[in-house]
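Quick note: the sequence shown uses the numbering used here, first residue 9, plus one each step.
No residue lacks a Cβ here, since even glycine has one placed at the ideal position from N, Cα and C.
Small disclaimer: the values here were computed from a predicted structure and weren't measured.
One structure is given here, and the rest of the page talks about it.
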Amino acid sequence: MVASAVKFSVLLLLLLLVPVSAQIPGVPEIRLEALPPEAKAGIGAAYKAVLEKPDDADANGKLGMILQAYEDYALAEPCYLRASQLAPKTFDWWYLLGWVQNLRGKREEAVRAIKTALEIRPDYLPGQIKLAEVLLEAGRLEESTAAFQQVIERKPDLPLARYGLGRALITSGEAQKGLQELERAVVLHESFGAAHYTLGLAYRDRGDTGKARIHMALYQKYRNQWPPSQDDIINQVNRLKSGAQDHVAAGVKLARNSQTTEAIREHLEALEKNPALVQAHVNLIRLYGETNRPKEAEKHYREAVAANPNLYESHYNFGVVLLGQQRSQEALALFLKAIQINPYFAEAHNNAGYLLATEGKLPEAEEHYRLALQNDPTHRLARYGLARVLVARGEMEKAIEELSRLVEIQDKDTPRYLYALGAAYVRTGKVEKGVEVTRKAREQALALGQTELVTAIDRDLEKFVKAK
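Structure below.
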């Protein structure tokens with residue numbers, strides 16, 4: 009009995025003394041020959057570093073990052089497992105482990121990994137949001153709601169946190185509170201496509217078809233657009249995808265989130281890797297135009313046209329740059345060129361309509377506005393332009409019909425459209441209705457902080473009231 013007890017104690021001691029590396033999963037086998045060319049170099053170099061130094065936590069973690077960037081989560085996970093056990097006090101590896109585990113549907117493992125990460129770095133807000141999201145996906149609604157609320161208490165103006173809390177509350181059966189949070193999310197970031205989609209579904213379920221229709225239209229306008237990422241760790245991962253097309257895709261995403269400087273950088277990196285990538289030139293025309301750098305925009309326009317003169321976007325984008333420089337005739341020629349190549353391009357029809365209307369060519373302007381709406385019935389600027397043409401031609405009832413359709417959607421432009429609608433009613437002699445609509449325009453403009461518009465409305469409202 010004593011001998012057996014001694015043997016058991018020795019065995020227990022040996023088990024406790026087994027090195028950590030014995031409990032770590034092996035280095036995953038990566039078949040480099042099966043990788044696409046743009047991924048092979050980066051992954052190959054990171055893989056070689058791990059094979060040379062298998063106990064180097066950073067080498068394992070960096071291999072996991074580049075595998076995650078190329079969406080090979082099954083291979084990234086063991087890399088992060090190895091890194092997190094080799095360097096258990098390093099936030100990044102636990103956090104990224106939780107990310108890939110969640111992407112692989114391993115919710116509970118992901119929760120544990122992200123919680124471990126946040127014990128190391130509890131003040132990392134993107135990590136707190138991610139934990140709340142994973143808890144929501146795991147069905148742990150009370151914990152998720154509490155986690156989102158804690159983030160909002162620290163920083164109330166994060167649209168992702170408002171969006172997540174709204175989803176959690178709706179899933180928990182608190183629809184009204186959830187809707188309020190989702191509405192706050194789209195106020196904080198108007199082009200938040202997923203939030204508009206969730207609002208559309210929620211309003212539909214409540215029987216509010218009007219609001220449901222508005223948010224579904226906004227979802228169609230802003231689909232795939234999200235608030236700019238503030239997650240520095242994930243941003244580092246995303247930047248590792250190194251093909252020319254990957255840089256263009258990253259640049260497009262950054263541009264959608266108004267990160268224009270970063271978007272330009274990605275497109276220039278794409279051209280360094282592939283100087284013949286015409287789409288990068290096409291996109292840079294617009295991006296340089298938005299940053300008021302017309303010479304650079306023109307350079308890329310010339311490059312794009314030299315490579316392919318039949319890309320309608322090139323002509324349209326440089327037309328917008330010229331319009332910003334008040335070179336109206338040159339801009340109009342390019343918009344018409346874009347339409348010649350693609351007769352269904354609503355944006356070019358709208359801009360051509362605008363320039364023709366400013367020249368007093370109302371029939372031609374109306375034709376282009378109607379073609380814009382024929383190809384994109386949700387194009388609000390084209391409908392507004394058409395209404396202005398109809399007002400100029402004295403066709404007030406038709407103008408009122410178009411303006412009434414514009415104010416069905418509630419956004420930052422609605423006060424301006426209500427203002428125009430009120431003025432149109434007054435011009436038809438329906439002064440009382442005009443005053444009512446104009447007061448509504450003022451109320452909404454004031455709520456949105458549009459002080460210049462409020463001043464203009466006040467000036468006309470005084471005249472309208474006197475005309476009653």
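- In this structure, residue 256 and residue 275 form a Cβ contact; the two beta carbons are roughly 6 Å apart against a cut-off of 8 Å.
- Straight-line measurement puts the Cα of residue 252 at about 45 Å from the Cα of residue 459.
- Rounded to the nearest angstrom, the Cβ distance from residue 46 to residue 254 is 7 Å, consistent with a contact under 8 Å.
- In this structure, the beta-carbon distance from residue 320 to residue 359 does not fall below 7 Å.
- Boundaries for residue 97: no alpha helix (DSSP H) harbours it, and the DSSP string shows neither H nor E there.
- For the 7 Å CB-CB criterion, residue 110 and residue 87 do not form a contact.
- Around the beta carbon of residue 352, fewer than 16 other beta carbons sit within 10 angstroms, so the residue counts as exposed.
- Counting along the chain, the unbroken alpha helix (DSSP H) around residue 149 starts and ends at 149-162.
- Non-local beta-carbon contacts of residue 331 in its own chain, meaning distances under 8 Å to residues more than five positions away in sequence, involve 339, 359 and 363 in chain order.
- A distance below 8 Å between beta-carbons, with the five flanking residues on each side excluded, links residue 55 to the following residues of its chain, in chain order: 38, 40 and 71.
- For residue 386, no alpha helix (DSSP H) encloses it, and the DSSP letter there is neither H nor E.
- The continuous alpha helix (DSSP H) containing residue 201 extends over residues 201-213.
- Looking at the backbone, the Cα of residue 312 and that of residue 345 are separated by about 15 Å.
- Between the alpha carbons of residue 96 and residue 102 lies a gap of roughly 8 Å.
- The shortest C-alpha to C-alpha distance from residue 198 to any of 175, 236, 182 and 216 is the one to 236.
- The C-alpha of residue 399 lies about 13 Å from the C-alpha of residue 368.
- The beta carbon of residue 207 is closer than 6 Å to those of 190 and 223 in its chain, skipping five residues each way along the sequence.
- Per DSSP, reduced to three states, the secondary structure at residue 308 is helical.
- Within the stretch 386-428, the alpha helix (DSSP H) runs of at least 4 residues that lie entirely inside it are, in chain order, 388-400 and 404-414.
- For residue 79, the secondary structure class from DSSP, reduced to helix, strand or coil, is coil.
- Closest in alpha carbon position to residue 408, among 376, 381 and 441, is 441.
- Per the Cβ contact rule, the stretch 128-145 is in contact with the stretch 158-173 (3 or more Cβ pairs under 8 Å).
- The shortest CA-to-CA distance from residue 295 to any of 234, 322 and 150 is the one to 322.
- Beyond the five residues adjoining it in sequence on each side, residue 32 comes within less than 6 Å, by CB distance, of 90 and 93 in the same chain, given in chain order.
- Cα atoms of residue 196 and residue 63: separation of roughly 45 Å, rounded to the nearest angstrom.
- Rounded to whole angstroms, the Cβ separation of residue 108 and residue 76 is 6 Å, and the two are in contact under 8 Å.
- Taking 7 Å as the cut-off, the Cβ atoms of residue 449 and residue 465 count as close.
- Within the model, the alpha-carbon separation for residue 162 versus residue 117 is close to 27 Å.
- Sequence-distant Cβ neighbours of residue 355 in its own chain, meaning closer than 7 Å and more than five residues away, are 324.
- Counting along the chain, the unbroken alpha helix (DSSP H) around residue 184 starts and ends at 183-196.
- When rounded, the separation of the alpha-carbon atoms in residue 172 and residue 85 is 25 Å.
- Put simply, the backbone Cα of residue 215 is about 50 Å away from that of residue 43.
- Taking C-beta atoms under 8 Å as the contact rule, residue 381 and residue 394 qualify, at a distance of about 7 Å.
- Look at the beta carbons and you see the stretch 264-282 touching the stretch 293-307: at least three pairs across the two are nearer than 8 Å.
- The three-state reading of DSSP puts residue 56 in helix, counting H, G and I together.
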